[in-house]
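Visitor: If you count the sequence shown from 1, you need to add 23 to reach our numbering.
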Amino acid sequence: MNKIKNWKFPVVILIAFFVTLVSAFVQPQGIQAAAKDGAVYVIPVDQPIERGLQKFMERGFKEAEEMQAGLIVLQINTPGGLVATTKEIGDMIQASKIPTVAYINGDAASAGSYIALVSDYIAMSPASTIGAAALVDGSNNYIDDPKLVATWKSNMQAAAEKNDRKKEIAGGMTDLNMVVEMPEISRTKEKGEVISLTAKEALEVGYADKIASSPAEVATWLNYSPDNIYTMEQTTFEKLSSFLTHPVVSTILLFIGIAGILIELFVPGFGVPGIVGFLSFVLYFGGSYVAGIGGSETWFLFIIGIALLISELFVPSFGILGVLGAGSLITGVVRAAYDTSTALVSLGIAAAAAIALVIIVAIVFKEKGIWNRFILNDNMTADRGYSSVRTREDLIGMEGASATPLRPSGTAVIGTERVDVVTEGDYILANEPIYVYKVEGSRVVVKKQSEREASGVK
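#1: Identify which residue in PHE323, SER219, VAL381 and ILE343 has its Cα closest to the Cα of THR483.
#2: Using CA atoms only, rank isn't needed, just tell me which of LEU76, ALA453 and PRO149 is closest to ALA107.
#3: Have a look at THR254, PRO102, LYS461 and LYS110 and flag the residue whose alpha-carbon is nearest the alpha-carbon of ASN163.
#4: Are GLU191 and VAL203 close, meaning C-beta to C-beta below 7 Å?
#5: So LEU245 and VAL124 are in contact, right, with Cβ under 8 Å, and what is the actual spacing, rounded?
#6: So, for VAL141: in the same chain, excluding its five sequence neighbours on each side, which residues have a beta-carbon less than 8 Å away from its beta-carbon?
#7: Once DSSP output is grouped into helix, strand and coil, what is the label at ASN200?
#8: Is GLY342 helix, strand or coil by DSSP?
#9: From which residue to which residue does the alpha helix (DSSP H) around ASP130 run?
#10: Please classify ILE382 as buried or exposed, where buried requires at least 16 neighbouring CB atoms within 10 angstroms.
#11: If you measure between the beta carbons of ILE99 and GLY135, is that distance less than 7 Å?
#12: Going by the DSSP bridge assignment, what does ASP362 pair with across the sheet?
#13: Count the CB pairs spanning the stretch 249–263 and the stretch 61–80 that are closer than 8 Å, and state whether there are at least three.
#14: Give me, in chain order, the residues of the same chain whose beta-carbon lies closer than 7 Å to that of ASP232; leave out the 5 immediate sequence neighbours on both sides.
#15: Taking the alpha-carbon positions, what's the LEU418 to VAL338 distance?
#16: Who are the near neighbours of GLU213 in its chain, counting only those whose CB is closer than 7 Å to its CB and skipping five residues on each side?
#17: Can you tell me which of PRO431, LEU380, SER432 and VAL459 puts its alpha carbon nearest to the alpha carbon of GLY438?
#18: Starting from ASN178, follow the beta strand (DSSP E) in both directions and report where the run begins and ends.
#19: To the nearest angstrom, report how far apart ASP443 and PHE341 are at their CA atoms.
#20: What does a CB cutoff of less than 8 Å around TRP175 pick up in its chain, not counting 5 residues either side in sequence?
#21: Using beta-carbon positions only, say whether ARG415 and VAL468 come within less than 7 Å of one another.
#22: How many Å lie between ALA435 and VAL445 at the Cα?
#23: Helix, strand or coil: which one does DSSP assign to VAL228?
#24: Which partner residues of TYR64 appear in the DSSP bridge assignment?
#25: Using C-beta distances below 7 Å, list every residue in its chain close to ARG74, excluding the 5 sequence neighbours before and after it, in chain order.
#26: In angstroms, rounded to a whole number, what distance separates the CA positions of LEU370 and THR274?
The structure is reproduced here in structure tokens:
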């Protein structure tokens with residue numbers, strides 16, 4: 024009996040070892056299915072698509088590669104943005120060696136739809152939407168240029184086909200003239216409409232692969248650990264540049280900048296408007312530079328423009344320096360914007376508002392205006408010593424002789440000075456003694472000396 028007990032213990036140990044060994048082969052596959060290697064790197068795409076966002080995303084993809092992330096999650100909630108920038112972001116996504124999933128947590132509208140479609144997977148939160156990608160201008164009006172529409176439509180359809188999604192639906196998101204049947208959701212897109220899908224609709228037509236409530240759920244769905252998620256955050260400078268390059272904010276900065284500089288030019292002497300205007304331009308160009316929109320040439324144009332405008336205050340150039348300075352500033356402003364048409368609209372609005380403000384300020388402070396450099400504001404009255412003509416009242420009573428016949432006007436020598444004189448109608452020969460009887464404005468009236476002696480006037 025003892026022998027039997029003695030061999031039972033090794034058998035139990037052997038069985039336990041065997042079970043453990045089998046588990047080692049079976050369990051790792053389950054563990055690997057639940058948690059692939061690598062972190063999940065979440066990049067927020069929650070603002071209009073422009074150069075600032077592109078630079079932010081480029082930094083995100085670079086950091087994800089450096090940390091050897093296993094998955095990149097693009098958390099999308101954007102109204103869209105610039106087509107050219109969207110295409111460049113799409114190229115970056117497709118060139119990435121790390122799998123990407125677009126997690127739509129809000130709206131993937133317009134260009135946001137393209138970013139979602141070029142990603143390897145699409146997940147959507149329950150209340151999110153995707154689509155409505157027709158081209159619009161700065162006033163949110165549909166663009167009907169056939170060439171532009173066809174190009175953008177092809178881009179969207181190619182992105183859809185990349186992951187075997189129906190290209191007709193992508194076309195219907197962009198082309199108002201298409202008719203698209205979507206029997207999966209019992210819906211037909213008619214002419215004049217664009218397709219926008221809810222999360223449930225997108226899942227049913229194959230434009231979403233998963234409905235998830237959070238990036239953690241997305242990570243779990245794709246077999247990554249929900250405990251190893253890193254969410255990218257904007258740096259302070261990126262937040263500031265993103266704020267400063269917003270179209271509304273940039274328009275306000277341009278308004279303050281233009282108004283401040285013009286007030287300083289036309290109503291000099293304050294100093295504060297000029298400083299505020301200068302700082303507003305610094306913020307405008309600085310935000311553009313940090314966002315990667317404008318290069319160093321925009322700073323050069325800005326500095327040259329300000330220098331020329333300041334020179335206009337001190338150097339008489341008949342406005343030439345001012346025009347050159349304004350031209351340099353305008354060129355810099357346009358080059359510092361992510362879109363030329365948007366820049367021109369912002370510049371036009373800002374300039375109109377600034378000019379209106381400058382006119383008001385110039386009226387209120389008209390006595391300080393730059394035009395006073397060219398206007399004589401002093402009243403040249405006689406009591407202040409001014410006279411429109413040279414009067415010779417100092418000659419009254421002085422004696423002399425007619426140098427020419429006076430009939431009645433002529434020339435006389437009074438003292439040592441030849442003076443144009445006139446009589447009261449009398450004819451006086453040359454070399455006759457005369458005296459100055461009175462002065463009327465510029466008229467020096469003389470009489471014969473003999474008349475003075477006869478009247479007894481001295």
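Don't be surprised by glycine CBs; every beta carbon is placed ideally from N, CA and C.
This structure is a prediction, so every number in the text was calculated from the model and none was measured.
Guide: In brief:
#1: Within the shown structure, residues of the chain are numbered from 24 to 481, placing residue 483 beyond reach of any answer.
#2: To locate residue 107, count along the sequence shown from 1; it is residue 84. The option with the nearest alpha carbon to ALA107 is LEU76.
#3: By 1-based counting over the sequence shown, the position of residue 163 is 140. Nearest option by C-alpha distance: PRO102.
#4: Counting from one through the sequence shown, the residue named residue 191 turns up at place 168. Counting from one through the sequence shown, the residue named residue 203 turns up at place 180. Against a cut-off of 7 Å, the Cβ pair of VAL203 and GLU191 comes out as a contact.
#5: On the sequence shown, position 222 is the one that residue 245 refers to. On the sequence shown, position 101 is the one that residue 124 refers to. Yes, they are in contact, since the Cβ atoms of LEU245 and VAL124 sit about 7 Å apart, within 8 Å.
#6: As a position in the sequence shown, residue 141 is number 118, starting the count at 1. Result list for VAL141: GLY113, ILE116, GLN117, ALA182 and LYS185, in chain order.
#7: Position 177 of the sequence shown, counting from 1, holds the residue named residue 200. Coil.
#8: Along the sequence shown, one-based indexing puts residue 342 at 319. Of the three classes helix, strand and coil, the one that applies to GLY342 here is coil, per DSSP.
#9: Within the sequence shown, the letter at position 107 stands for residue 130. Note, ASP130: premise wrong, no alpha helix (DSSP H); beta strand (DSSP E) at 123–132.
#10: The count along the sequence shown starts at 1 and reaches residue 382 at position 359. That one is exposed.
#11: As a working note, residue 99 is residue 76 in the sequence shown. As a working note, residue 135 is residue 112 in the sequence shown. Closer than 7 Å, so yes.
#12: Start at 1 with the first residue of the sequence shown, and residue 362 comes out as number 339. For ASP362, which the question treats as bridged, DSSP gives no partner whatsoever.
#13: yes
#14: Counting from one through the sequence shown, the residue named residue 232 turns up at place 209. Counting only Cβ-Cβ distances below 7 Å, and skipping sequence neighbours, we find TYR144, ILE145 and ALA146.
#15: Residue 418 sits at position 395 when you count from the first residue of the sequence shown. Residue 338 sits at position 315 when you count from the first residue of the sequence shown. If you take the alpha carbons of LEU418 and VAL338, they lie about 46 Å apart.
#16: Locating residue 213 in the sequence shown gives position 190, where the first residue counts as 1. VAL202, listed in sequence order.
#17: Looking up residue 438 in the sequence shown gives position 415. Residue VAL459 is the option with its Cα nearest to GLY438.
#18: Position 155 of the sequence shown holds residue 178. That residue, ASN178, is in no beta strand (DSSP E); its alpha helix (DSSP H) goes 169–185.
#19: Within the sequence shown, residue 443 is the residue found at index 420, counting from 1. Within the sequence shown, residue 341 is the residue found at index 318, counting from 1. Each residue's Cα considered, the two are about 42 Å apart.
#20: In the sequence shown, the residue the question calls residue 175 occupies position 152. Closer than 8 Å at the Cβ level, and outside the excluded window around TRP175, lie VAL106, ALA156, LEU158 and THR197.
#21: For the purposes of this step, residue 415 is taken as residue 392 along the sequence shown, with counting starting at 1. For the purposes of this step, residue 468 is taken as residue 445 along the sequence shown, with counting starting at 1. The answer is no: Cβ separation not under 7 Å.
#22: What you label residue 435 is simply residue 412 of the sequence shown in a count that begins at 1. What you label residue 445 is simply residue 422 of the sequence shown in a count that begins at 1. Going from the Cα of ALA435 to the Cα of VAL445 covers about 9 Å.
#23: On the sequence shown, residue 228 is found 205 positions in, with the first residue counted as 1. Looking at VAL228 - three-state DSSP - the assignment turns out to be coil, as it is neither helix nor strand.
#24: Your numbering for residue 64 matches position 41 in the sequence shown. The partner list for TYR64 (beta bridge, DSSP) reads ILE95 and TYR253.
#25: Translated into positions along the sequence shown, residue 74 becomes position 51. Same-chain partners within the cutoff: THR108, ALA314, GLY315, ILE316 and TYR361.
#26: Indexing the sequence shown from 1 puts residue 370 at position 347. Indexing the sequence shown from 1 puts residue 274 at position 251. Going from the Cα of LEU370 to the Cα of THR274 covers about 7 Å.
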